[in-house]
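Take a look at the structure set out below.
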Ligand code: PA5
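Numbering (the working numbering), first residue to last: 1456 to 1785.
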């Protein structure tokens, strides 16, 4: 059954990271100023995740072309596209080439792979044949290898993270994932992270729930949400009390102010939503902690797919949209 198929891929996250740790990579890209990462969806999320591990300023661009500032202050740049054929990412890379930039590339092939090889750009070609969102370990791990001089990583962090996600996906995280999915069953999940570490993981949870379970979900960032979203749960509370579940992604490194905000936010809003839960990051390094939460999000999305008898592999609307767009005039 399709849930088991995606489950096998989630179980492979640790091995994908080990592959990336061992793959022959070009010399790390120098990042004297800022780093620009371009990529969409299941590929672009690796840029968001790496941005919180970086020791340099990182901008993640998700759209056509390049941000306007790039021509004035050309950054180091990396393009991520698992298929290698995503039109927004290709348009960014073509614009970068026209500006004389040399983008690094992580892809399984496609037009982006051809551009990287043909132009001699630094690149890592990852194994193909997967759904982009199921290739997180290959894509994120390879991105980390391309910028390893500009990220907060120590020797052994990769293998420790791989071992930890193996433990979680292989059994230790299963009961918690089942409990969290039970809290979200028939509800719209709203995932909260904290800026600086877990916000991109909240985004990953949202998109995994969208794509694997075909379930609407939203995410937001603490403390920003305390300045707007916190007031939003009252007007439709007859609806939200039945149909919204909030999960906070927590980490021991949160400041005491952020911890207080989570507690107070739950106290002030908890009665206007159906359920509030939380899950704590595990591990020592920042890489372990964000990947432990990513692994839990993957497991929760699969539990929701299972509960709804949904095929987590297929994403027909994404594929149909890409085909229809290809038929539209440029
Ligand atoms: O998960 C998916 O399939 C999508 O979000 C894709 O990642 C997205 O459409 C971009 O494609 P690619 O990752 O091949 O660049």
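Yeah, the Cβ is synthetic: ideal placement off N, Cα and C, and Gly gets one too.
Can you give me the Cβ contacts of residue i inside the same chain, cut-off strictly under 6 Å, excluding the 5 residues immediately before and after it?
| i | result |
| --- | --- |
| residue 1471 | 1592, 1593 |
| residue 1571 | 1560, 1578 |
| residue 1532 | 1491, 1551, 1556, 1558 |
| residue 1668 | 1756, 1759, 1760, 1765 |
| residue 1464 | 1589 |
| residue 1803 | Given that the chain is displayed from residue 1456 to residue 1785, the structure contains no residue 1803 and the question cannot be resolved. |
| residue 1656 | 1648, 1704, 1745, 1748, 1749 |
| residue 1754 | 1628, 1632 |
| residue 1714 | none |
If you drop the 5 nearest sequence neighbours on each side, which residues of the same chain put their C-beta closer than 7 Å to that of residue i?
| i | result |
| --- | --- |
| residue 1511 | 1486, 1489, 1490, 1605 |
| residue 1607 | 1508, 1510, 1741 |
| residue 1716 | 1677, 1678, 1681 |
| residue 1693 | none |
| residue 1564 | 1539, 1580, 1583 |
| residue 1530 | 1488, 1489, 1490, 1491 |
| residue 1623 | 1747, 1750, 1751 |
| residue 1658 | 1500, 1503, 1674 |
| residue 1621 | 1469 |
Going by C-alpha to C-alpha distance, which of the options sits closest to residue i?
| i | options | result |
| --- | --- | --- |
| residue 1757 | 1552, 1602, 1630 | 1630 |
| residue 1498 | 1541, 1461, 1473 | 1541 |
| residue 1785 | 1478, 1500, 1519, 1494 | 1519 |
| residue 1535 | 1528, 1624, 1580 | 1580 |
| residue 1502 | 1549, 1601, 1667, 1469 | 1601 |
| residue 1695 | 1733, 1724, 1464 | 1724 |
| residue 1634 | 1733, 1682, 1479, 1526 | 1733 |
| residue 1448 | 1642, 1474, 1648 | Since the first residue of the chain shown is 1456 and the last is 1785, residue 1448 is not available in this structure. |
| residue 1674 | 1636, 1523, 1697, 1650 | 1650 |
| residue 1566 | 1693, 1530, 1546, 1720 | 1546 |
| residue 1515 | 1527, 1698, 1495 | 1495 |
| residue 1538 | 1754, 1627, 1582, 1505 | 1582 |
| residue 1468 | 1596, 1664, 1637, 1493 | 1596 |
| residue 1729 | 1513, 1638, 1527, 1458 | 1638 |
| residue 1644 | 1752, 1713, 1500 | 1752 |
| residue 1671 | 1477, 1612, 1727, 1640 | 1640 |
| residue 1709 | 1648, 1587, 1613 | 1648 |
| residue 1526 | 1484, 1554, 1656, 1548 | 1554 |
| residue 1684 | 1720, 1780, 1778, 1702 | 1720 |
Can you give me the start and stop residues for the alpha helix (DSSP H) that residue i sits inside?
| i | result |
| --- | --- |
| residue 1695 | 1692-1698 |
| residue 1660 | 1654-1668 |
| residue 1474 | 1468-1477 |
| residue 1771 | 1771-1782 |
| residue 1724 | 1711-1724 |
| residue 1509 | Taken as a continuous stretch (DSSP letters only), residue 1509 belongs to no alpha helix (DSSP H), as it is neither H nor E. |
| residue 1532 | Unbroken run through residue 1532 is the beta strand (DSSP E), 1531-1536; no alpha helix (DSSP H). |
| residue 1648 | Unbroken run through residue 1648 is the beta strand (DSSP E), 1643-1649; no alpha helix (DSSP H). |
| residue 1572 | 1565-1574 |
| residue 1635 | 1629-1639 |
Mind checking which residues open and close the beta strand (DSSP E) that includes residue i?
| i | result |
| --- | --- |
| residue 1675 | 1673-1677 |
| residue 1501 | Residue 1501 -> not in any beta strand (DSSP E); alpha helix (DSSP H) instead, spanning 1496-1506. |
| residue 1490 | 1490-1493 |
| residue 1579 | 1578-1580 |
Can you look up residue i in the DSSP assignment and give me helix, strand or coil?
| i | result |
| --- | --- |
| residue 1541 | coil |
| residue 1730 | strand |
| residue 1740 | coil |
| residue 1608 | coil |
| residue 1482 | coil |
| residue 1685 | helix |
| residue 1559 | strand |
| residue 1705 | strand |
| residue 1519 | coil |
| residue 1585 | coil |
| residue 1458 | helix |
| residue 1591 | helix |
Once you ignore the five residues that flank residue i on each side, which residues in its own chain have a CB closer than 8 Å to its CB?
| i | result |
| --- | --- |
| residue 1738 | 1615, 1616, 1619, 1744, 1746, 1747 |
| residue 1576 | 1557, 1558, 1559, 1560, 1570 |
| residue 1505 | 1492, 1513, 1595, 1598, 1599, 1602, 1606 |
| residue 1688 | 1695, 1699, 1724, 1727, 1728 |
| residue 1568 | 1539, 1560, 1562, 1578, 1580 |
| residue 1768 | 1457, 1460, 1461, 1586 |
Step through the CB atoms of chain C and report whether any lies within less than 7 Å of the CB of residue i.
| i | result |
| --- | --- |
| residue 1616 | The chain labelled as chain C is not found in the depicted structure, where only one protein chain is given. |
(request) May I have all residues whose beta carbon comes closer than 6 Å to any heavy atom of ligand 1, sorted in chain order? (result) 1495, 1496, 1497, 1498, 1536, 1537, 1538, 1541, 1544, 1586, 1587, 1588, 1666, 1770, 1773
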